[in-house]
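Before any comments, here is the structure.
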Amino acid sequence: MKAEKEKDTLVLHAVTNENAKKIAVAEIIDLSFGKETHEIKERKNLRVIELDAEPGKTYTFNKYFAVFTDNDPVTVSVTDSAINCVKRAKDRGYEACLKEHNAQWATKWETCDVKIDGDDEAQIALRYSIFQLLIVAPVRGTGNSIPARALSGQVYKGAIFWDTEMFMFPFFLYTYPEKAVELMRYRIKTLDGARRKAQTEGAGFRGAFYAWESQETGDDACTYFNIGDPHTGRNLRTHFRDKQVHISGDVAIAMWEYFKITGDDLLLLEGGAEVILECARFYYSYAYFKKDKNRYEILDVIGPDEYHERVNNNAFTNMVVKATFEIAMAVIGYLKHNHPAELDALIMKIDIAEELPCFAEAAELLYIPQPDKETGVIEQFDAYFKLKEATIEELKAQKIHPDEYMGAGQGLAVPTKIIKQADVVTMLNVFRDRYSTEIKKANWEYYEPRTEHGSSLSACGYAMVAAEFGNLDFAYRYFMKTASIDVEAKYKVYVGTIFMGGSHPAANGGAWMTAVFGFGGVKADENKVTIQPRLYKKWNALQFTLFYKGDRFAIKITQKAVEIIANAANKRRHTFIVAGKSIDCSPGSTYTIN
Numbered sequence: 049m050k051a052e053k054e055k056d057t058l059v060l061h062a063v064t065n066e067n068a069k070k071i072a073v074a075e076i077i078d079l080s081f082g083k084e085t086h087e088i089k090e091r092k093n094l095r096v097i098e099l100d101a102e103p104g105k106t107y108t109f110n111k112y113f114a115v116f117t118d119n120d121p122v123t124v125s126v127t128d129s130a131i132n133c134v135k136r137a138k139d140r141g142y143e144a145c146l147k148e149h150n151a152q153w154a155t156k157w158e159t160c161d162v163k164i165d166g167d168d169e170a171q172i173a174l175r176y177s178i179f180q181l182l183i184v185a186p187v188r189g190t191g192n193s194i195p196a197r198a199l200s201g202q203v204y205k206g207a208i209f210w211d212t213e214m215f216m217f218p219f220f221l222y223t224y225p226e227k228a229v230e231l232m233r234y235r236i237k238t239l240d241g242a243r244r245k246a247q248t249e250g251a252g253f254r255g256a257f258y259a260w261e262s263q264e265t266g267d268d269a270c271t272y273f274n275i276g277d278p279h280t281g282r283n284l285r286t287h288f289r290d291k292q293v294h295i296s297g298d299v300a301i302a303m304w305e306y307f308k309i310t311g312d313d314l315l316l317l318e319g320g321a322e323v324i325l326e327c328a329r330f331y332y333s334y335a336y337f338k339k340d341k342n343r344y345e346i347l348d349v350i351g352p353d354e355y356h357e358r359v360n361n362n363a364f365t366n367m368v369v370k371a372t373f374e375i376a377m378a379v380i381g382y383l384k385h386n387h388p389a390e391l392d393a394l395i396m397k398i399d400i401a402e403e404l405p406c407f408a409e410a411a412e413l414l415y416i417p418q419p420d421k422e423t424g425v426i427e428q429f430d431a432y433f434k435l436k437e438a439t440i441e442e443l444k445a446q447k448i449h450p451d452e453y454m455g456a457g458q459g460l461a462v463p464t465k466i467i468k469q470a471d472v473v474t475m476l477n478v479f480r481d482r483y484s485t486e487i488k489k490a491n492w493e494y495y496e497p498r499t500e501h502g503s504s505l506s507a508c509g510y511a512m513v514a515a516e517f518g519n520l521d522f523a524y525r526y527f528m529k530t531a532s533i534d535v536e537a538k539y540k541v542y543v544g545t546i547f548m549g550g551s552h553p554a555a556n557g558g559a560w561m562t563a564v565f566g567f568g569g570v571k572a573d574e575n576k577v578t579i580q581p582r583l584y585k586k587w588n589a590l591q592f593t594l595f596y597k598g599d600r601f602a603i604k605i606t607q608k609a610v611e612i613i614a615n616a617a618n619k620r621r622h623t624f625i626v627a628g629k630s631i632d633c634s635p636g637s638t639y640t641i642n
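If you want the working numbering, it's the 1-based position in the sequence shown plus 48.
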């Protein structure tokens, strides 16, 4: 770090350790009293102000700061950019800067706020969650994403997880799509890193195997020994890096969801289609064809439940793989009809023509664990039902150390049916159109008592599924658990010897999803928006904004009616299905459905 003074501006320069990214922080002061001097001390850039303070008099000064890095789209150096920025801010003055700041935030809240009438505690927790997402949203044009702990500390080394696509992305997709597209551009930007991982991990696969802890280049920051045993101090071998294969499909699903909900195919053309096809290619190279049963299987993986590693045919993972194959074929069909020249160029670029029929076959023949005919319960993975019955309380009572990890090779949960977080229930939530409400209820009732909720990702999945089959009290309880996780700070601080603190943006996204998708009952596809309201009894009204196919709608749900206001600037009519009633929403119109 280097400190210096450029006329009346103080500047700190730094370069990051791993990627040698330049950072500049500039500060300028608006001071009308006293004597000011400057000193550099222990890499600190200090202003010293001396004054004779008079009784009863107020002294006020304003300081302006700017931070620029190599990641910012600048035309001059990061140092000059920072200096120019603070000088402009000082010239404009504090009040003008504050006014612009407030206007920017007013615009953000106008498009992203969710209002809950009748429940101040829920309102505060949800707005806190939304605020946390907004402050870490990537800048337009950067192709950056959001780390699993946002910018709250060094936990997970600032890496990008599946948390972003599955839990944060929906908030941006439906409220702030220009931020959602940046999250997807990050995956396009890191495609080569995913290719490198596929080639070097395990037996050497083809396609794109996206990193469990993705760095700026897409290479994996996750180590093979990443959890310490608090008893011995030794690191435990885990398989998060090499066996969490569902991440590639999570990326492909989000990429396709962006196209379906926005109607914008530019992302597909600028690399999204290539990402999807390379993810399908990876899965085909990873899949095992079992000849005697004439089916493909996905073996040796970890699902969302990280307490059980190296399992076969995890239901969530297999369904993600199946969806990826289906999406790949849908992309081919769409591009063939709408952009044939671009499709031909892409197929030639990645040399994938001969593999495309394989994707269609795999989608049809891939094994998906089915609900039991009597109970409706879906086995989480092969032989899960043969594991020992236990209760969460029994396992916790056996702990020798409070931070003991219950997974890995010899963890307490490994031989039991106790799971870390929503797994089958996550599948039922993500693929909610493929399963009946009865099946969701049966699996929720089976798996919830066996779930430790040892992850901030877990509660919202159970809340949304509970809302769908009518257990609104439970849905509300887990909604509040999700929305207030950082406010109350009731979460695991250590797993083994690893510090796990910091903020939880995935839970913040889960809180928004639970409010809008769960209690609001919102579901959208490429043809329509469906609203099946399930308003909680404490709430008088739930209000939120949705962006759909480039147009904006304000939704208000009360205990007696649903109101839809189509923005006057909307470009065309859209179909809404509200409690089974179909409405064609024209620009500038208001509709009330009782």
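Just so it is clear, CB atoms sit at the ideal spot from N, CA and C, and this is done for glycine as well.
Which residue or residues does DSSP assign as beta-bridge partners of residue i?
i    : result
C633 : H622
H86  : R95
Y596 : D599
Y112 : I76
K308 : Beta-bridge pairing links K308 to no other residue.
G276 : N283
I164 : L590
I605 : L590 and V610
H61  : K50 and A72
V570 : I579
T117 : I71
Helix, strand or coil for residue i, going by three-state DSSP, please let me know.
i    : result
N283 : strand
E326 : helix
R343 : strand
Q152 : helix
L414 : strand
Y584 : coil
Y224 : coil
T159 : helix
V513 : helix
Which residues in the same chain as residue i place their Cβ atom closer than 6 Å to its Cβ, once the five residues preceding and following it in sequence are excluded?
i    : result
G424 : I487 and A490
P218 : M561
Y112 : I76, V134, A137 and K138
D267 : G241
G558 : F215, C508 and T530
Roughly how many angstroms separate the alpha carbons of residue i and residue j, rounded to a whole number?
i    : j    : result
E249 : T485 : 39 Å
F109 : V134 : 15 Å
L317 : T159 : 28 Å
N366 : V472 : 11 Å
P553 : A198 : 6 Å
A269 : K205 : 8 Å
W304 : F429 : 27 Å
E437 : F407 : 38 Å
D312 : Y306 : 8 Å
I301 : G636 : 32 Å
T190 : T117 : 12 Å
E357 : D290 : 11 Å
W157 : L325 : 37 Å
R525 : Y510 : 10 Å
T593 : A144 : 29 Å
L181 : H149 : 17 Å
K571 : M528 : 21 Å
D348 : Q152 : 48 Å
H294 : I375 : 15 Å
F547 : G201 : 10 Å
N132 : R140 : 12 Å
I398 : Q247 : 15 Å
What do you reckon, are the CB atoms on residue i and residue j nearer than 9 Å?
i    : j    : result
Y344 : Y432 : no
G544 : D211 : no
I605 : Q591 : yes
L394 : A507 : no
A228 : F220 : yes
G255 : A328 : yes
T85  : E98  : yes
Residues in the same chain with beta-carbon distance under 7 Å from residue i, minus the five sequence neighbours each way, listed in chain order, please.
i    : result
D632 : R621 and T623
K308 : D573 and E574
A616 : P635 and G636
Could you tell me whether any non-hydrogen atom of the ligand ADP is closer than 8 Å to the CB of residue i?
i    : result
R175 : In the structure on display, the ligand ADP does not appear, and there are no ligands present to speak of.
Who are the near neighbours of residue i in its chain, counting only those whose CB is closer than 8 Å to its CB and skipping five residues on each side?
i    : result
K50  : L60, H61, A62 and R91
F273 : N283, L284, R285 and T286
N588 : D165, G166, T606 and Q607
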